[in-house]
Every structure is written in C-alpha cells, then in structure tokens.
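Okay, so here's the structure we're looking at.
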Amino acid sequence: MKILVYPQKYALTMSSTPGIRLSAQYEKANGQGQYSANKGNIEYSASSGRLLTWDNAGGKITEKGTRAEFPSGTPAYWSPLNMVSQFSTNKQSEIPISITASQNGTKVAEKRVIIHFDGSTFFTVEPSVDVIITDSLQLPSPNADTIDEAVSQAVKSQGKSYLAGEVVTEGHIILDSEEKDGQVKVYTIASIGWFGFENGIFTTVSGSGAIPTVMTFSQNESGAYVLLQYQEPQDGALYLGSLKKMFPQKLWPEVLTEGKQYSELVTQKEEQAAAYLKSIGRDAKVSAGYVERKLVDINVEASNKLFAELTKHNSFLNSCPYWIGSRELVENGVRYIYKTTQSKTADGYDLIIFQKNKEDGSIVTESKFKIVGNEPQLID
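In the working numbering, the protein residues as written are 1 to 380.
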C-alpha cells in the first residue's frame, strides 16, 4: 500500500487546504503490482489532531474525530485542530497516523504516516518508500528506467499547479546525485512550461523560472524509479536559508546564481514543444518568450468591467483573449480558436467582438459589446 500525501509541510495559517491530505492506494490481491483506489475501505487513526473530509467544490469541511473509515479512493485530511495548546509548549513532537486497508472485512494492508511538529508552527510529513509526497491522487507512473527519465516525469507532474495549456514541457539540469539506504537523492535545476497557441505562435502560457529542486526516488521491484519527494526552496525571506539546507555546500555556487542555467532549460522546453507539434502535424513558430499582445483601446473602466467582471461568470468570455488576437484550446479532442477583435459600430462607438471558431472558421459562439462611455453593452 502506498500513501499519497500533500502538502508535506502544513500550518494552520494555510488557507489553500484544511489540512494534510492522505490518500491510500493498496495492491490488488492478484499480485500483479497494480494499485487500486476503488475497492474496499481505508481506516485512518490519528494519535492526536482531527481527521476531516473536504468538499473542495462546495467548500464544506466535516470533522471525523481521531478515527474514521472511508471508501478506498476517498482522501482524508489531517489537521492539528485540537492541538492549539501545544503551540505554547515550544516542544517538538511526533504524531503517528495508522492507515489500514480492508476488503470484504479482511485487513489487506497497514501503513503508518509520521508527522513531525516543530514546536512552533509547522507540521511536516516524513517521506518514505511507502509515503509519497505528491499533489496527485494517482501513483506516479512507474516506468522511468533512468534517473534522467524519472526527473523529467517528476518535473512535468508539477504542471497541475499551473494554468494548463496544450502540452506540458520541462527542462532540467542534474547537478549531482547520491544514493543512501535504497533511495536516490537528485540535486537539480528545474523548470516547467505549458505551451499553447497565442496569435498563431506556440508559446509558454504558464510555467516557472529556473528553480533549484531536490528530488528523492526509490526503485521498485522492476528497477523503475518512483518519486518519493519533490522539494523546492521556501518563498520570501526563507528562500536562502532553505536553499542552503537542501543543497550541499559544494553546489551553492550553481544554485545561488540566479538565471545562470535558464537559457538551457528554455531550449529543452522549446525542443519538446516542437516535437509535440511535429507529432500532431502542425507547423508553427515555437517561442517560450513573450508574445506581443495589443490591448483593446477603450475606456479603462469599461475595459475592467468587460475583462475582469463579466468574465468571472462567463466561461466563454473567460476563454477569449484579453488582447486583440487569438488563442487556441483543445476541448474534448476538438481544437477551437478563440478570438477578440475591435472595430466600430455604424454610429461610431467602439465594438468588441468575442468569437469561438472551429478550425474551418465557422462560428460556434459569438458575443458583441458596444462600448458606451463606461459601460459595455451586449448587442445582437
């Protein structure tokens, strides 16, 4: 059984999650090495804190106490809700969580997750071969036969944290690695980039810069590498200190020089993007750099209402570019071109037109807004 955990480090001040998410996946009885998340039940038992469920669509959080049982595949959340008094003790402590999988009333697997409290603010999960730090609810694909392949897959898996484009790419430089107790720690500079079409150019629509990253892997029975931990430096004032803790001193010159390796990472990402275009038979310029965008020329207040307020509740308008030009999205395997254009009405007012087109140019959806002073008015 594998336990998928996210985030590794948690504090009550974090608003993005009600706690540390725990999701157990256990091996099927046929012994084929497959992991299933849709059979049986999983029981979680915490020595302290509270187990929760969270409907992240509706925002509802339900307390379950220190012991709870869920259908397999349903994640549980652990939170230090009843441990506020410990914050004043200034003592480090260890919180074990027992996780038991059962099928048809028979226990089939049991694991333990250890959470360390730093005596002040943070609760940190201890990774292991069976406790994997990942924001995914699925096990990493165990088909990386080399460290280079494993690092590439690990970086791409972080793409879920970014605005999705058409294809995810990555760049990485392996600075060093070390093996200990059956685990391989890899010191890297890594970068992720989602590519999509904007104004006919296949370009980066979201991604990261060059991030010093430490990844830890184990090897399964077939020798493939499985990601255990993906660690990036902390933000803000904690960046430098956390970076030095992550990397051995001999590598500091490599990771403290901001942007030194970024051009190589960009080249790797562009090459992967170009390979993707070739695979779909598309010929287009590939550029990870900034694509020029001409903004609409209308009243500022009207622009804010049109591109900030109206788009909040209209998925079609939100998909259209905020500039005069086009962007492409693949939806359920079908490519659509979203366009934003500006012209004039017959009576001289600015006219902003939003369109969703098929590749043959036929219009799927269209909205026209006449700009009258500060107000964008929807017209036929």
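No residue lacks a Cβ here, since even glycine has one placed at the ideal position from N, Cα and C.
Three-state class that DSSP yields for residue i in the structure shown
i	result
E270	helix
G236	helix
L277	helix
D360	coil
K9	strand
N374	coil
A210	coil
E309	helix
I97	strand
S47	coil
E366	strand
G196	strand
D148	helix
M215	strand
Q153	helix
F202	strand
P71	strand
S15	coil
V286	strand
S291	Note that residue 291 is Val in the sequence shown, not Ser. Three-state DSSP puts V291 in coil, outside helix and strand.
S186	In the sequence under discussion, the amino acid at residue 186 is Val, which differs from the Ser named in the question. Strand, per DSSP.
K2	strand
V265	Per the sequence shown, the amino acid found at residue 265 is Leu instead of Val. L265: helix per DSSP, three-state reduction.
K260	coil
Sequence-distant residues of its chain with Cβ nearer than 8 Å to residue i (five each side left out)
i	result
A284	F197, G200, I201, F202, L277
T89	Per-residue confidence for T89 stands at a pLDDT of 49, beneath the threshold of 50, marking its modelled position as unreliable; the derived number appears in the next sentence. So the list reads G119, once near-sequence residues are dropped.
K312	N318
V66	What sits at residue 66 in the sequence shown is Thr, not Val. Cβ within range, chain order: S45, A46, S47, S48, G49, R50, L51.
E292	N199
E375	A302, K305
Whole-number beta carbon distance between residue j and residue i, since they are thought to touch under 8 Å
i	j	result
K2	D130	6 Å
S80	L12	A small fix is needed here, since residue 80 is Pro in this sequence, not Ser. That pair is a contact at about 7 Å.
T216	Q261	With 8 Å as the limit, T216 and Q261 do not qualify as a contact, their Cβ atoms being about 21 Å apart.
G264	I173	One detail in the question is off: residue 264 reads as Glu in this sequence, not Gly. E264 to I173, Cβ: 6 Å. Contact.
L227	T134	7 Å
Residue i vs residue j beta-carbon contact at 7 Å
i	j	result
S98	N41	no
I353	T345	no
K156	V168	yes
T257	E232	no
K368	Q377	no
S108	V5	Sequence inspection shows Val at residue 108; the Ser mentioned does not correspond to that position. Contact flag unset, no.
Y225	A144	yes
L20	W78	Sequence check: residue 20 is Ile here, not Leu. Their beta carbons are under 7 Å apart, which means I20 touches W78 by this criterion.
V255	A273	no
E166	V300	no
G209	Q268	no
T365	F316	yes
P96	Q229	no
W54	P18	yes
L251	Y187	yes
S93	F117	yes
I211	A190	yes
S242	Q234	yes
7 Å CB neighbourhood of residue i in its chain, flanking five on each side removed
i	result
A68	Y44, L51, A76
Y162	I192, W194, S206, G207
K358	Y336, V364
A164	W194
T62	L52, T53
E178	K185
Beta-bridge pairing of residue i - partner residues as DSSP gives them
i	result
W54	I61
S102	N41, K107
L351	S343, K370
Y225	A144, Q219
V255	Partner(s): none; V255 has no beta bridge.
Y338	R327, K356
S191	G171
L243	DSSP output for L243 lists no bridge partner at all.
Q25	K2
A76	L22
Contacting residues, own chain, Cβ-Cβ under 6 Å from residue i (five flanking each side not counted)
i	result
Y338	S319, C320, R327, K356
K64	L51
S343	L351
Q153	A144
I298	D350, I371
T121	A11
V266	A288
Q86	Residue placement at Q86 cannot be trusted, given a pLDDT of 48 that sits under 50; what the coordinates show is reported in the next sentence. Same-chain partners within the cutoff: there are none.
G325	N199
A150	A144, F217, Y225
K111	M1, I3, I99, D130
D360	none
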